[in-house]
Structures are given as structure tokens and as C-alpha cells.
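Student: Shown below is the structure under consideration.
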Amino acid sequence: MDEKDQAEIYDLYESVGWIAYTKNPDRLWRAFANSQYMTEKNNQGEIVALIRWVTDQATVVLIQDLLVHPDYQRKGLGKKLMQRALAEIKSYGQLQIEVLTDDEETTVSFYKSLGFRSVNDGGMISLVQDTRY
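In C-alpha cells form, the structure reads like this:
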């Protein structure tokens with residue numbers, strides 16, 4: 001990742017208010033170095049959306065971040081990016097793909113439209129320990 005991409009990705013996180021990531025840029029770039037990601041660019045070649053995931057490429061994938069700049073939201077970029085990422089992820093073979101997201105109707109509907117379901121629907125529970133704050 002070059003400096004231009006870093007600056008645009010940093011600005012993208014800021015634009016959607018994800019300051020837990022931008023308050024420690026070194027940690028953000030370490031996360032990217034240990035993750036896989038894809039971006040979408042506008043006509044000027046600027047990064048306006050990204051998806052980032054973590055995987056062992058054998059059993060599990062955690063989709064960690066899906067961001068679309070506010071000026072480009074509700075235009076299909078998130079769905080397009082998710083579909084591209086899912087195609088790549090599914091090439092690893094059969095595995096469990098997980099997303100941890102806000103419990104908001106539009107967000108949940110978005111992921112359900114792409115084939116995701118709540119862990120509650122499968123008689124499971126998801127637990128998290130967040131030490132970032």
C-alpha cells in the first residue's frame with residue numbers, strides 16, 4: 001500500500017466516523033498488513049469504499065470492515081464490493097464467514113440480502129470481548 005492509498009483509506013475511516021481506528025494509525029496499518037482487503041475507486045481514482053477481512057483460509061473468515069464514503073453511500077458500491085470479496089473468500093473453499101455489525105435495520109437487511117443470517121437463527125450465540133475502549 002503506497003502513501004496515497006494510506007491517506008485515502010485514513011480519510012475514508014474518518015469520513016464514516018470510525019475514529020477508534022484513526023486515533024492510532026500505526027495499529028490501523030498493522031491491521032491492514034495482517035488482513036486482506038479490496039477497494040473501490042471513484043472516476044478520479046480515489047478510494048471511496050473498502051472491505052477488509054481476516055482469515056486462516058481454511059475454516060473461518062471475519063469480515064471486519066466495510067466502509068463507503070458518505071458521498072457514495074446508497075449507490076450499490078457496498079454491495080458490489082461485498083460480492084467481489086465473497087467471490088474471493090469462497091475460493092478458499094467451504095468455511096464459515098462471520099460479520100459483526102451494528103444492530104440497525106438497514107445494516108442487517110443489507111447483509112441478509114447477501115445471504116447472511118443472524119447467529120440466533122441457527123441456535124447459536126456470538127460473544128465478543130472488546131478491549132479497544
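Taking the UniProt record's numbering as reference, the numbering of the sequence shown is continuous, increasing by one, and the terminal residue is 133.
Cβ coordinates follow ideal geometry from the N, Cα and C atoms, glycine included.
(1) Can you tell me which residues form a DSSP beta bridge with W53?
(2) Pull the bridge partners of V99 from the DSSP assignment, please.
(3) Can you tell me whether A58 is buried or exposed? The criterion is at least 16 other CB atoms within 10 Å of its CB, across all chains shown.
(4) Would you tell me roughly how many angstroms separate the C-alpha atoms of V108 and W18, rounded to the nearest one?
(5) In whole angstroms, what separates the C-alpha of E40 from that of L77?
Tutor: In short, the structure shows the following:
(1) Q36 and I63
(2) I63
(3) exposed
(4) 19 angstroms
(5) 7 angstroms
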